[in-house]
Amino acid sequence: MNSQLKSIFIQARIILILVLFLISLGSWPLLSQSWPSGDSQKLLQAFHQISSHQLLEYVRELTSEKYTGRLTGTEGYNLSALWVASLLQKWGVEPAGDSGTYLQAFPNPYTLILDKGEVSLNIPVPGSGLKKSPTIIKKYYLYEDEYFPGGTSASGEITAEVVYVGYGITAPELGYDDYRGVDVLGKIVLMENEVPLNPDKDSELFKKWRPYSFHQYKIRNAAAHGAKGMLYYYGPICNPNNDYIEGFIYSHVGRTVVDDIFAGTGKTYQETVEKIRTTLKPQSFATGKIFTIRNRTKHHPEGTGYNVLGKITGSDPQLKDQVLIIGGHLDHVGLFPELMPGANDNASAVAVMLGVAEAIMKSEVKPRRSILFAFFGAEEQGVKGSEFYLDHPVFPLEKTIGLINLDGVGAGDRIFALAGKNFPWLFAPFEKANSSYIHRELGTNYWANLTRPRLDAARFMDRGLPSLSFSVSGLKLPYPAYHNTRDNLSLINPEILEDMARLLFLAVMELANAPADSLK
21 MNSQLKSIFI
31 QARIILILVL
41 FLISLGSWPL
51 LSQSWPSGDS
61 QKLLQAFHQI
71 SSHQLLEYVR
81 ELTSEKYTGR
91 LTGTEGYNLS
101 ALWVASLLQK
111 WGVEPAGDSG
121 TYLQAFPNPY
131 TLILDKGEVS
141 LNIPVPGSGL
151 KKSPTIIKKY
161 YLYEDEYFPG
171 GTSASGEITA
181 EVVYVGYGIT
191 APELGYDDYR
201 GVDVLGKIVL
211 MENEVPLNPD
221 KDSELFKKWR
231 PYSFHQYKIR
241 NAAAHGAKGM
251 LYYYGPICNP
261 NNDYIEGFIY
271 SHVGRTVVDD
281 IFAGTGKTYQ
291 ETVEKIRTTL
301 KPQSFATGKI
311 FTIRNRTKHH
321 PEGTGYNVLG
331 KITGSDPQLK
341 DQVLIIGGHL
351 DHVGLFPELM
361 PGANDNASAV
371 AVMLGVAEAI
381 MKSEVKPRRS
391 ILFAFFGAEE
401 QGVKGSEFYL
411 DHPVFPLEKT
421 IGLINLDGVG
431 AGDRIFALAG
441 KNFPWLFAPF
451 EKANSSYIHR
461 ELGTNYWANL
471 TRPRLDAARF
481 MDRGLPSLSF
491 SVSGLKLPYP
501 AYHNTRDNLS
511 LINPEILEDM
521 ARLLFLAVME
531 LANAPADSLK
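Reading the sequence shown from the start, the letters are residues 21 to 540 in our numbering.
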C-alpha cells in the first residue's frame, strides 16, 4: 500500500469512529419516561457539569489545618460551617437555619486534647545487693498505633493496678454484673466496647442489652464503682463521643496493650472474651499489672454546635411543602492533639453534597418538591446534630419524604446504600440512574437499626422516617485509616466523588419530581 492510499485509509477510519461516536451520543437513554426529552437533556447538561476536580478541592479545603479537624464546638468547626454556608449563599440556596441564617445552634459540650499523653506499663525489677526495693522500668506505648487519649478524658495522671471488667455492665434484670467479685476502687479498669451479644443472633434479647452498649453508660458505671481510670479497648481510635467526668482519666488502647495486660495471668484474652460471649457470664479479674495513664485536656461545658441548613424551595405550589433531605455530617474529631483530617469521614460527603447543591441550582429543570441540605454537626459526639434537628425540624416531619444520608463516600470504588431493601421505592431511582449512567457496583441491604446510633440515618429511622445511608468501600490499605491521622486526602478517589454526586443529582431530581403515588 503506497503512502497516499495509507493516508486515505487512516482518514476514513477516523471519520467512521467520529460518526459512530456521534450516533452513540444521540442514543443516550432518557432519564425516565416521566421526563420530557427536552428536560432530560437539560438535566444531563447539569449532570456533566459536576467535576471531580472541584469536588476534590472541597475535600482539600475541609481537611486543611485552619479547620483543626472540625470538632463541633471549636472555632475550627465554626469556620468550616461558615465556609459551607458561603458556598450555599453564592449559589442561591436559601438559608434554613436560625433567624434567617444557615446555622441552627444547639448545646454541645466538648473537650480539647492538649498533648499526646501517656499510656505505660510499670514493670518491677527486683532489687539486688543492698537495694531491697524493686526498680520500676516503664514500657511506653506508641501514640496512634497502640493508644490515643480519651476524647473526653479529664486532665491528670493515674498509676494503679488494672482490673479487667469485661464489658463494664451492671444489669440486675439480666442477671449480669461485670463488677461482681472484683474491687476497682481507685484502680484502672480495662473494658470492652459494645455488649457481648450480636444483634443478628437474637434481636429481641439484644434489645434488652442495648442500653448498656453506650460509651456514656460504661464510663459512668466505672466511675460509680470507684474506678479512677480506664483503658478502653476500642481501636485505638480518636473518639469524642463520651461523657466528661471530672477526675476520671482514660485512654483508648489496641490489642498490643490488651495482650500485655493478660500476659502471665494464666488467661488469654481471646479465650476470656469468647467465654463471656458464649456463656453471658462475667470473667472479671484483677490482672496484677500496674499502668500509668496521663492526659492533658480542657473541657468546655458551655460549647455550642451548629447544623448548616440550606433549602431549595419546590417549584410546585401543591408539592413545595414536602421535603427531601440530603444529609451528611460536617464534623470530625478534631485535634488529638495532632490534626485528624477526616477526609473520607466526612469531608467526602460534604463535597458531594456541595456538588449536588450547585448542580440543582444551575439546572434549568427545577425540583417540584423542596430539598433541604443538612450538614449535621456533632455526629462524632453522639449523633447530636441530627437528633436536635429532628426535635426542631425546618419542615414538619410528617411532610418529610425521607433522608438521603452520606457517610464516608470518597475512598474506594464500590457504592453501598444501607436500608435500600427497607425502602425500595426510595432506592429505585438510584438503581435506575446507576444502571443507565454511572455503572458502578451498587449494593444494598435490609437494616434493622438495632444498635446504638452511629449514623445520622439511624436517628431518622428511629423517628419512623424513610432513610438511606450511602458509603463507599473497596480501598485496600495496610493500616487502619479511621479516626486517625491517616484519614487524609491521599485516600480520596476523585472519580468516585464525581460518580456519587452525579448519581445523587439524578436520583434526587427524580424523587423531587415524582408522582405522589410512586413515593411509597
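For glycine and all other residues, C-beta sits at the position ideal for the given N, C-alpha and C. On a predicted model such as this, the values are computed, not experimentally measured, just so you know.
Checklist entry - In chain order, which beta strand (DSSP E) runs of at least 3 residues are fully inside the segment 369 to 454? => result 390 to 396, 420 to 426 and 432 to 438
Item to check | Terminal residues of the beta strand (DSSP E) in which residue 124 lies | outcome: Against the sequence shown, residue 124 aligns to sequence position 104. Where residue 124 is concerned, the enclosing beta strand (DSSP E) stretches over 123 to 127.
Checklist entry - Would you say residue 386 and residue 325 are within 8 Å of each other, going by their C-beta atoms? => result Numbered from its first residue, the sequence shown carries residue 386 at position 366. Numbered from its first residue, the sequence shown carries residue 325 at position 305. No, they are not a contact pair.
Checklist entry - Is the beta carbon of residue 232 within less than 7 Å of some heavy atom of the ligand FAD? => result Ligands in the displayed structure: none, and consequently the ligand FAD is not present.
Checklist entry - Among residues of its own chain, excluding the 5 on either side of residue 417, which ones have a beta-carbon nearer than 6 Å to its beta-carbon? => result Here residue 417 refers to the residue found at position 397 when the sequence shown is read from its first residue. The answer is none, since no qualifying residue turns up.
Checklist entry - According to DSSP, is residue 511 helix, strand or coil? => result Walking along the sequence shown from the start, residue 511 turns up at place 491. Helix.
Item to check | Residue of 74, 88, 81 and 67 minimising C-alpha distance to residue 358 | outcome: Here residue 358 corresponds to residue number 338 of the sequence shown, with the count starting at 1. The option with the nearest alpha carbon to residue 358 is 88.
Next on the checklist: At the level of alpha carbons, what is the spacing between residue 113 and residue 199?
Outcome noted: Position 93 of the sequence shown, counted from the start, is the residue given in the question as residue 113. Position 179 of the sequence shown, counted from the start, is the residue given in the question as residue 199. When rounded, the distance between both Cα atoms is 54 Å.
Item to check | Contact between the segment 517 to 531 and the segment 443 to 455 (3+ Cβ pairs under 8 Å) | outcome: yes
Item to check | Distance CB(residue 99)-CB(residue 130) smaller than 8 Å | outcome: Within the sequence shown, the letter at position 79 stands for residue 99. Within the sequence shown, the letter at position 110 stands for residue 130. In this structure, residue 130 does not lie closer than 8 Å to residue 99 by Cβ.
Item to check | Own chain residues within Cβ distance below 6 Å of residue 59, not counting five before or after | outcome: Sequence index remark: in the sequence shown, residue 59 carries index 39 (1-based). Same-chain partners within the cutoff: 385.
Checklist entry - Just the Cα atoms here: how many angstroms apart are residue 272 and residue 253? => result Stepping through the sequence shown from its first residue, residue 272 is reached at position 252. Stepping through the sequence shown from its first residue, residue 253 is reached at position 233. Cα-Cα distance, rounded: 6 Å.
Item to check | Within 8 Å, strictly: CB atoms of residue 101 and residue 123 | outcome: For the purposes of this step, residue 101 is identified with residue 81 of the sequence shown, where counting begins at 1. For the purposes of this step, residue 123 is identified with residue 103 of the sequence shown, where counting begins at 1. Yes, the Cβ-Cβ distance between residue 101 and residue 123 is below 8 Å.
Checklist entry - Measuring CA to CA, which of 389, 364 and 244 is closest to residue 339? => result To locate residue 339, count along the sequence shown from 1; it is residue 319. With distances taken between Cα atoms, residue 339 lies closest to 389.
Checklist entry - Using the C-alpha atoms, what's the distance from residue 185 back to residue 204? => result Here the question's residue 204 lines up with position 184 in the sequence shown. Here the question's residue 185 lines up with position 165 in the sequence shown. The alpha-carbon atoms of residue 204 and residue 185 are separated by roughly 9 Å.
Item to check | Under the three-state DSSP convention, the category residue 347 falls into | outcome: Taking the sequence shown and counting its residues from 1, the one referred to as residue 347 is at position 327. The answer is strand: DSSP assigns residue 347 an E or B state.
Next on the checklist: Quick check: the Cα distance between residue 344 and residue 391, rounded to an integer number of angstroms?
Outcome noted: Here residue 344 refers to the residue found at position 324 when the sequence shown is read from its first residue. Here residue 391 refers to the residue found at position 371 when the sequence shown is read from its first residue. Approximately 5 Å between the Cα atoms of the pair.
Checklist entry - In terms of alpha-carbon separation, which member of 366, 249, 323 and 189 lies closest to residue 304? => result Here residue 304 refers to the residue found at position 284 when the sequence shown is read from its first residue. Nearest C-alpha to residue 304: 189.
Checklist entry - alpha helix (DSSP H) containing residue 104: first to last residue? => result Locating residue 104 in the sequence shown gives position 84, where the first residue counts as 1. Per DSSP, residue 104 belongs to the alpha helix (DSSP H) from 95 to 111.
Item to check | The alpha helix (DSSP H) enclosing residue 314, as first and last residue numbers | outcome: Locating residue 314 in the sequence shown gives position 294, counting from the first residue. Per DSSP, residue 314 belongs to no alpha helix (DSSP H); it is in the beta strand (DSSP E), 305 to 315.
Item to check | 4-residue-minimum alpha helix (DSSP H) runs that sit fully inside the segment 190 to 261, ordered along the chain | outcome: 223 to 229 and 235 to 244
Checklist entry - Assuming residue 430 contacts residue 512 under a Cβ cut-off of 8 Å, what Cβ separation, rounded to an integer in Å, is found between them? => result The sequence position of residue 430 within the sequence shown is 410, counting from 1. The sequence position of residue 512 within the sequence shown is 492, counting from 1. Sure, about 4 Å apart at Cβ, within 8 Å.
Checklist entry - Can you name, in chain order, every residue of its own chain whose Cβ lies under 7 Å from the Cβ of residue 235, other than the five neighbours on each side? => result Stepping through the sequence shown from its first residue, residue 235 is reached at position 215. So the list reads 261 and 262, once near-sequence residues are dropped.
Checklist entry - Just the Cα atoms here: how many angstroms apart are residue 71 and residue 519? => result Along the sequence shown, read from residue 1 onward, the residue named residue 71 stands at position 51. Along the sequence shown, read from residue 1 onward, the residue named residue 519 stands at position 499. C-alpha separation (whole angstroms): 9 Å.
Item to check | Cutoff 6 Å; reference residue 494; Cβ partners in own chain excluding five residues on either side | outcome: If you number the sequence shown from 1, residue 494 lands on position 474. Only 432, 433 and 434 meet the Cβ criterion.
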